[in-house]
Amino acid sequence: MARNSSKRELLLDIAEQGILAKGFADTSIDEIVFEANISKNGFFYHFSDKNELAKALLQRYIDREDEILDSVFNQGAEHNADPLESLLYSLELLAQMMDDLPNGHPGCLVATLAYSDKLHNSEVRDLNKSAVYCWRKRFLIELENISNTHRIQDDIKLESLSDMISSTIEGGIVLSRALNEPKILGEQIRALRSFIKLLFRADG
Numbered sequence: 000m001a002r003n004s005s006k007r008e009l010l011l012d013i014a015e016q017g018i019l020a021k022g023f024a025d026t027s028i029d030e031i032v033f034e035a036n037i038s039k040n041g042f043f044y045h046f047s048d049k050n051e052l053a054k055a056l057l058q059r060y061i062d063r064e065d066e067i068l069d070s071v072f073n074q075g076a077e078h079n080a081d082p083l084e085s086l087l088y089s090l091e092l093l094a095q096m097m098d099d100l101p102n103g104h105p106g107c108l109v110a111t112l113a114y115s116d117k118l119h120n121s122e123v124r125d126l127n128k129s130a131v132y133c134w135r136k137r138f139l140i141e142l143e144n145i146s147n148t149h150r151i152q153d154d155i156k157l158e159s160l161s162d163m164i165s166s167t168i169e170g171g172i173v174l175s176r177a178l179n180e181p182k183i184l185g186e187q188i189r190a191l192r193s194f195i196k197l198l199f200r201a202d203g
C-alpha cells in the first residue's frame, strides 16, 4: 500500500511540475507516465482520467497552502494579542518564507487551472472556486477582528481588502516568474503589509 501511495505521489509531483511549467493542456499523460517510468495502466490505476488527476493535484495544493497559512497566522496570533499586529507579523513571516525559496515560488495551481477551466469538469471548477472563497473568508476574519479595535482610514470594503491579499500574492508570483526575480514576491507581500498598516489606526 505504501508503495502504491508513493507511486501516486510521484505521478502528482511530475504532473504538477509539468502543469506549472507548460499548462494543463500541454502536459500529457504520456509525458507523465514516461517520467514516472510506469505504464499507462499504472497511471489509470491511480487516476481514471486527467480531470481526476487535476482534482487530486488541486486538493493536495490547497491542503499544503492551508497548512502554511495556518502556521503563519497561528504564529502571528501567538506573538501578538492585537489583531492588527498579529496580521502584520504573519505577513512578514510569509514574506520571509518566500524570500527563502532559492528559485522563487513555483507557481499557483489554483490560478493555472483557472486559466484552463474549460478543460475541466464541474468538480475541478467547484474545488477551485471553493479554494478562493476559503482564502477570502480566512483573510476576512482577520480583517474583521482588526476593524473591531482599529479605525479604517478609507472607504473600502473589508471583503475587497481580503481579496486584495490573495491577488497581491498571486500577482507577485506572476511578476517574479515573468521577470525572473524571485525576491519580488516577498517585496509585494511587504508592500501589502505596509498598505494595511497605513489603512488602520489604533484607537488612542
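Position 154, counted from 1, in the sequence shown is what numbering that gives the first Met the number 0 calls 153; the numbers after and before it change by one each time, with no gaps.
Idealized CB from N, CA, C, for every residue including glycine.
First and last residue of the uninterrupted beta strand (DSSP E) at residue i
i: Ile151; result: 149-151
Cβ-Cβ separation, residue j to residue i (assumed contact under 8 Å), whole Å
i: Leu83; j: Ile145; result: 5 Å
i: Arg192; j: Leu90; result: 4 Å
i: Val123; j: Val109; result: About 11 Å; that fails the 8 Å criterion.
i: His78; j: Tyr88; result: 5 Å
i: Ser165; j: Arg135; result: 7 Å
i: Ser85; j: Ala76; result: 5 Å
i: Arg63; j: Leu11; result: Contact flag wrong, Cβ pair sits at about 11 Å.
Whether residue i touches residue j by CB criterion (8 Å)
i: Phe23; j: Ser115; result: yes
i: Leu178; j: Gly106; result: no
i: Leu184; j: Ile172; result: yes
i: Leu9; j: Leu57; result: no
i: Leu157; j: Glu169; result: no
i: Gln187; j: Leu174; result: yes
i: Leu118; j: Lys54; result: no
i: Lys39; j: Ile28; result: yes
i: Ala14; j: Leu52; result: yes
i: Pro181; j: Leu100; result: yes
i: Gly17; j: Glu30; result: yes
i: Asn120; j: Asn50; result: yes
For residue i, the first and last residue of its enclosing alpha helix (DSSP H)
i: Cys107; result: Looking at the DSSP string, Cys107 is not in any alpha helix (DSSP H), and its letter there is neither H nor E.
i: Glu141; result: 121-146
i: Thr167; result: 157-178
i: Phe46; result: It is not in any alpha helix (DSSP H) - Phe46 carries neither H nor E in the DSSP assignment.
i: Gly103; result: It is not in any alpha helix (DSSP H) - Gly103 carries neither H nor E in the DSSP assignment.
i: Phe33; result: 28-35
i: Phe222; result: With the chain covering 0 to 203 only, the question about residue 222 has no answer from this structure.
Residue i Cβ short of 7 Å to the ligand PLP heavy atom set
i: Asn102; result: Of the ligands one can find in the structure shown there are none, so the ligand PLP has no counterpart to examine.
Handout entry: Stretch-stretch touch, CB-based, cutoff 8 Å, three pairs: the segment 33-40 with the segment 58-75
Key = Between the segment 33-40 and the segment 58-75, the count of Cβ pairs shorter than 8 Å is below three; the stretches do not touch.
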